Amino acid sequence: MDAHKPKPTPQPVRSIWLDEADGEVKVIDQRRLPHEFIIQPLATVDDAIRAISTMTVRGAPLIGVTAAYGLYLAARQAAERNLGIDYLESAARQLRATRPTAVNLAWAVDRVWQALAGESDGRQRVAQSRTAAAAIAEEEVENCRKIGAYGSPIIESLSRARNGKTVHILTHCNAGWLACIRYGTATAPIYAAVDRGIDLHVWVDETRPLNQGSRLTAWELGQYGVRHTVITDNAGGHLMQQGQVDLVIVGSDRTTRGGDVANKIGTYLKALAARDNAIPFYVALPSSTFDWDLTGGGREIPIEERDPDEVRYVEGWDGAGQRRVRLCPELSAAANFAFDVTPARLVTGLITERGICQATADDIGRLFPDKAKQAVSAPGHLDI
Ligand code: MRU
Numbered sequence: 290m291d292a293h294k295p296k297p298t299p300q301p302v303r304s305i306w307l308d309e310a311d312g313e314v315k316v317i318d319q320r321r322l323p324h325e326f327i328i329q330p331l332a333t334v335d336d337a338i339r340a341i342s343t344m345t346v347r348g349a350p351l352i353g354v355t356a357a358y359g360l361y362l363a364a365r366q367a368a369e370r371n372l373g374i375d376y377l378e379s380a381a382r383q384l385r386a387t388r389p390t391a392v393n394l395a396w397a398v399d400r401v402w403q404a405l406a407g408e409s410d411g412r413q414r415v416a417q418s419r420t421a422a423a424a425i426a427e428e429e430v431e432n433c434r435k436i437g438a439y440g441s442p443i444i445e446s447l448s449r450a451r452n453g454k455t456v457h458i459l460t461h462c463n464a465g466w467l468a469c470i471r472y473g474t475a476t477a478p479i480y481a482a483v484d485r486g487i488d489l490h491v492w493v494d495e496t497r498p499l500n501q502g503s504r505l506t507a508w509e510l511g512q513y514g515v516r517h518t519v520i521t522d523n524a525g526g527h528l529m530q531q532g533q534v535d536l537v538i539v540g541s542d543r544t545t546r547g548g549d550v551a552n553k554i555g556t557y558l559k560a561l562a563a564r565d566n567a568i569p570f571y572v573a574l575p576s577s578t579f580d581w582d583l584t585g586g587g588r589e590i591p592i593e594e595r596d597p598d599e600v601r602y603v604e605g606w607d608g609a610g611q612r613r614v615r616l617c618p619e620l621s622a623a624a625n626f627a628f629d630v631t632p633a634r635l636v637t638g639l640i641t642e643r644g645i646c647q648a649t650a651d652d653i654g655r656l657f658p659d660k661a662k663q664a665v666s667a668p669g670h671l672d673i
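Going by the working numbering, the sequence shown opens with residue 290, and the numbers climb by one from there.
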């Protein structure tokens with residue numbers, strides 16, 4: 290066997306777990322997939338901070354759960370070294386600041402913080418933070434399972450409309466189990482439909498510059514036996530014009546109360562092309578990805594700008610190892626906007642753990658009356 294082929298992954302697979310044997314948190318190093326399957330231990334809060342900022346772990350729900358467990362690791366260190374609440378507060382702040390766009394991060398840190406801040410005993414803080422982090426992980430898994438259950442009928446009805454002929458689905462970035470602990474958001478309806486025997490095929494946007502599509506989504510789908518084809522980021526519009534896309538499903542990093550969707554850079558262009566070709570464009574997200582505080586529209590969402598070298602260089606496998614090569618002239622500047630915002634008006638529907646709703650403040654509020662506390666007075670979406 291080729292020593293460099295990824296080892297078969299254990300089933301059922303999760304992208305983060307607490308190892309009871311050593312109390313450490315374990316993650317899969319997503320920078321190395323699909324070429325190498327490496328499990329990375331996170332023993333300290335600094336390990337968790339580094340894992341999120343280097344994108345060893347990525348994807349909105351996974352970032353949130355990693356940060357939640359990061360605060361648990363900080364509580365463990367604090368208990369061992371007799372450190373007080375100031376240490377934990379600083380850890381929570383650092384975790385919150387690791388990446389700016391996915392709202393799951395701040396949401397998860399705040400939830401674990403609330404669980405431990407009322408405790409004065411160090412061991413109790415460890416226990417409370419561990420329980421809270423584990424609960425968030427379990428909820429995200431269950432949310433994704435439900436997103437699959439609510440979303441797969443969309444694919445099934447397209448299949449019926451096509452008399453059982455292959456349904457072609459386009460997705461962008463990786464909103465699969467790697468990004469979400471299990472099942473995925475955008476991929477959950479796909480896996481559920483495949484389980485129900487629907488004939489489908491997935492167009493996988495490569496998703497420059499870090500290639501989460503060609504590296505991660507393609508790997509995931511392949512592991513599950515889902516027929517898929519990797520395409521360049523610019524091919525989707527052409528395929529839509531040619532009648533080769535029946536449905537677009539993407540994930541989200543932050544969705545406002547009005548239904549504007551921040552997701553990986555390039556999502557907006559897919560939504561525009563889908564609208565121009567009358568193709569349904571769905572966004573799958575758990576409630577942890579809604580930003581209930583954003584009422585003024587998607588322009589308020591902070592868009593992460595990453596190291597321009599991620600654009601200037603590309604990494605890949607040369608048969609012997611992972612290698613990095615420069616793509617552009619040495620002195621050319623580059624810019625690396627990691628996310629964009631798709632206005633609500635381009636979104637056909639939001640697939641959530643409570644069902645499907647329109648991307649409007651009213652319909653989101655109907656599904657989540659407990660979360661959307663106040664009525665949105667402004668239109669609440671990008672007017673562009
Ligand atoms: O920069 P990344 O890889 O963290 O970006 C991930 C995405 O944009 C995903 O589509 C998003 O987090 C949804 S995952 C459920």
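Where a beta carbon is used, it is the ideal one built from N, C-alpha and C, also for glycine. Remember, predicted model here, so these are calculated numbers, not experimental data.
Within the chosen limit of 6 Å, ligand 1 does not reach the beta carbon of N625 with any heavy atom.
By the C-beta criterion, the stretch 611-622 is judged not to be in contact with the stretch 504-514, since fewer than 3 inter-stretch pairs fall below 8 Å. Taken through DSSP and simplified to helix, strand or coil, V392 comes out as coil.
Taking C-alpha positions only, L561 is separated from E445 by approximately 24 Å.
Residue state for Y376 is assigned as helix, using DSSP reduced to three classes. Each of L322, E313, G312 and L307 was checked against the Cα of E604, and the nearest Cα belongs to L322.
DSSP lists I458 as the bridge partner or partners of L536. Per DSSP, A650 is one residue of the alpha helix (DSSP H) stretching across A650 to L656. Bounds of the alpha helix (DSSP H) holding P350 are A349 to R370. Q647 sits in coil when the DSSP states are folded into three classes, being neither helix nor strand. In the DSSP assignment, R471 falls outside any beta strand (DSSP E) and carries neither an H nor an E.
No Cβ-Cβ contact shorter than 7 Å links L620 with P569. The C-beta of I352 has 16 or more other C-beta atoms within 10 Å across all chains shown, which makes the residue buried. Of the candidates A507, E431, A464 and L499, A464 places its Cα closest to the Cα of V539. D652 has its Cβ no nearer than 6 Å to any heavy atom of ligand 1.
Residue pairing of E604 in beta bridges, as defined by DSSP: R613. It is roughly 14 Å from the alpha-carbon of T387 to the alpha-carbon of P350. Residue range G411 to A450 is occupied by the alpha helix (DSSP H) that includes R434. Of the heavy atoms belonging to ligand 1, none sits nearer than 6 Å to the Cβ of A397. Only residues of its own chain outside the window of five on either side were considered, and among them E642 have a CB closer than 7 Å to the CB of K435, listed in chain order.
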